[in-house]
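The sequence shown begins at 1 in full-length UniProt numbering and counts up one residue at a time.
Heads up, the beta-carbon is just placed ideally off N, CA and C, and yes, glycines get one too.
All remarks here apply to the structure that follows.
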Amino acid sequence: MGAIAGGAAMLAATGACTMFGEDSGGEDPAETVDAETAADLTQLVNETQLTEWELHNAERRILKDCMEDKGHTVHDEIGLVEIDTDDLEASVVSYPFAEWLPEPEDAEQWGFGEWAGAPEAQGTAEAEEYHNLRFGEEVEDESGPKIADNSEFEALSNEDRRAWYFDYAGEEYAEATYSGNYLTDDELQELWASSESEAGGTLDLGNPQPGGCLLEMIEALYGEPEFITEESEEGDREYWVWRPQAPIDTYEIDWGELEPEWSGSIQESQDALLDCLADADADADAGMGEWQFSEWGSLPVRDYWSVAYYGENSDESPSSDVPELPADFPTDYDGKKAAEIAMAVEFAECGDTSGFREDATVEWDRIHYGVYAEVETELYAWQEETDAALGRAQDLIAG
1 MGAIAGGAAM LAATGACTMF GEDSGGEDPA ETVDAETAAD LTQLVNETQL
51 TEWELHNAER RILKDCMEDK GHTVHDEIGL VEIDTDDLEA SVVSYPFAEW
101 LPEPEDAEQW GFGEWAGAPE AQGTAEAEEY HNLRFGEEVE DESGPKIADN
151 SEFEALSNED RRAWYFDYAG EEYAEATYSG NYLTDDELQE LWASSESEAG
201 GTLDLGNPQP GGCLLEMIEA LYGEPEFITE ESEEGDREYW VWRPQAPIDT
251 YEIDWGELEP EWSGSIQESQ DALLDCLADA DADADAGMGE WQFSEWGSLP
301 VRDYWSVAYY GENSDESPSS DVPELPADFP TDYDGKKAAE IAMAVEFAEC
351 GDTSGFREDA TVEWDRIHYG VYAEVETELY AWQEETDAAL GRAQDLIAG
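This is the structure we're talking about:
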C-alpha cells in the first residue's frame, strides 16, 4: 500500500488549495504551470492505476475468503487472479520518446532492445532476461503473459463448478454470466434454444443483479451496485457497475492531438538532438544516416533496426522515413547487435547533452497538466472515495 498511501498523502497535504491553483482566471493552466507541479500531477495520475490494482486485489482476497467460508477449497483462479503490483510499473502517463531514447545505463547494456526480437535471439537466456526486466516476470514469450493455473478447478465436475459459481455470484447472475464455464454441451445448446433473442438471433440471458459473495463484497466496499444503460444508434448497452471509475478512464480526451502539440513545442530541442547525433556520427564515422522527426515527435529507430535484423521480411512501412543502412553494415547477428548498442549509447548521450530529454519531459508533463486540470475536482473526489474503500477492504481482510 506504499504507493497508494503516497497518493493519499499528497492529497491530504494539498487540502483545499489544489495543485491546479484556486482560480485559473480563464487561462489555460498549462501555460503558467511550473515543471515541478506538472510532474507532481503526472505522478498522481499514474498512482490512480496503482489504486485500481490495489482495489482489484483486495476484492479478490475478500471474495476468496467468502467462498472458503462457504466450504469451497478449489477456486476459479482465473476469475480470482491478483495483480503483482511489485512487478508492475504504473504508467498511465508515459513519455513518447521512451521507446527510442533509452537511459544511458540501459543503452550500454541493452541498446534499444531490438536485438532481443531478432530470430537469432529467440529462446536465449539474454533475450529472456531483457524481456523479463522490461515487461515483468509474468512475460513468458511473445504469445503474451502467463495466466493462472486453473487446471484443478477445471478438473471439477460440472455440478461442482456450477455450485461454485452460484455461491460466487448468485444463481441468476451466474447463469447469465458464467454458464459457459459449467454447462455441458447439450445444456448449452438447450440454453441457446430457449433463450435466443428476437433481435439478431443472439443469446440473451438478461442482466440480473449480482448475488452471492460478489454482492456481499460490493455492498461491503461500495454500497449497492448500479445498473447502467448506455444508449447508442447501434443499440443500448446495459451492465452493472460498483467500483468507482477513475476520471482519467471516463474523461474524453483526444490523445491523437497531444503528441503533435508536444512535438511542435519542442522543435528547438529536436533540432539540437539531431545536430548532436550528426556530429557524433561524423566523429565516429558510424554511418547512422540522417534522422528526421515525425509529426508525432518520434524517430523511426524501431523501423531502422527491423530492417537491419529482418531485411526484406521487415515490418517497416515503405512510407517511413528510415535512414539507409551503411554500405559496410554488419551481416552477422553479433555485429548487428554491437552496432545497435553503439547507436543507442550515442542516442542516450545526445539526449542528455542536447537537453532534449529534459525539455521533452517537462513539455509532456505540462501538456498533460492542461488536460487533467479539467478533471481536478473529479480526480480528488475519486481518490477520496477509493481510499475509503481500500480502508474498508483492509479491515475486512484483517478480520
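query	result
Contacts around residue 216, its chain only, beta-carbon distance under 7 Å, and the 5 residues preceding and following it disregarded	66
Rounded C-alpha distance that separates residue 372 from residue 248	8 Å
Member of 278, 181 and 68 whose CA lies at the smallest distance from the CA of residue 150	181
Residue 124, DSSP secondary structure in three states	coil
Separation of residue 343 from residue 283, as counted between CA atoms	13 Å
For residue 240: DSSP bridge partner residues	227
Three-state secondary structure (DSSP) of residue 331	coil
Residue closest to residue 52, alpha-carbon to alpha-carbon, out of 397, 152 and 382	382
Unbroken alpha helix (DSSP H) run spanning residue 163, endpoints	158-169
Own chain residues within Cβ distance below 7 Å of residue 289, not counting five before or after	323 and 324
Distance between beta carbons of residue 369 and residue 41, contact taken as under 8 Å	5 Å
Three-pair Cβ contact test at 8 Å for the region 220-235 versus the region 246-265	no
Same chain, Cβ closer than 6 Å to residue 100, five either side skipped, listed in chain order	299 and 301
Buried versus exposed call for residue 47 [16 or more other C-beta atoms within 10 Å across all chains shown]	buried
Under the three-state DSSP convention, the category residue 70 falls into	coil
Buried versus exposed, by CB contacts within 10 Å (16 or more), residue 17	Any answer about residue 17 is weak, because its pLDDT of 33 lies below 50 and its placement is not dependable; what the coordinates show is given next. Classification of residue 17: exposed, given that the 10 Å Cβ count is below 16.
As assigned by DSSP and simplified to three states, the class of residue 180	helix
DSSP three-state assignment for residue 65, whether helix, strand or coil	helix
For residue 363, the first and last residue of its enclosing alpha helix (DSSP H)	356-372
Sub-8 Å separation of residue 173 and residue 209 beta-carbons	yes
Among 130, 72 and 358, the one whose alpha carbon lies nearest that of residue 213	72
Min CB distance residue 246 to chain C below 8 Å	The chain inventory of the structure shown lacks chain C, comprising one protein chain alone.
Environment of residue 241 [buried if 16+ CB atoms lie within 10 Å]	exposed
Among 112, 184 and 43, nearest to residue 348 - alpha-carbon criterion	112
Element boundaries [alpha helix (DSSP H), containing residue 296]	It is not in any alpha helix (DSSP H) - residue 296 carries neither H nor E in the DSSP assignment.
Where residue 38 falls, given that 16 or more other Cβ within 10 Å makes a residue buried	buried
Three CB pairs or more closer than 8 Å across the region 117-134 and the region 382-393	no
Assigned exposure category for residue 292 - 16 Cβ within 10 Å defines buried	exposed
Terminal residues of the alpha helix (DSSP H) in which residue 380 lies	376-398
Boundaries (first-last residue) of the alpha helix (DSSP H) holding residue 151	151-154
Residue nearest to residue 354 in terms of C-alpha spacing, selected from 393, 224, 308 and 275	275
Span of the alpha helix (DSSP H), counted from its first residue to its last, around residue 109	104-110
Element boundaries [alpha helix (DSSP H), containing residue 247]	247-250
Residue burial classification, residue 160 (beta-carbon count within 10 angstroms, cutoff 16)	exposed
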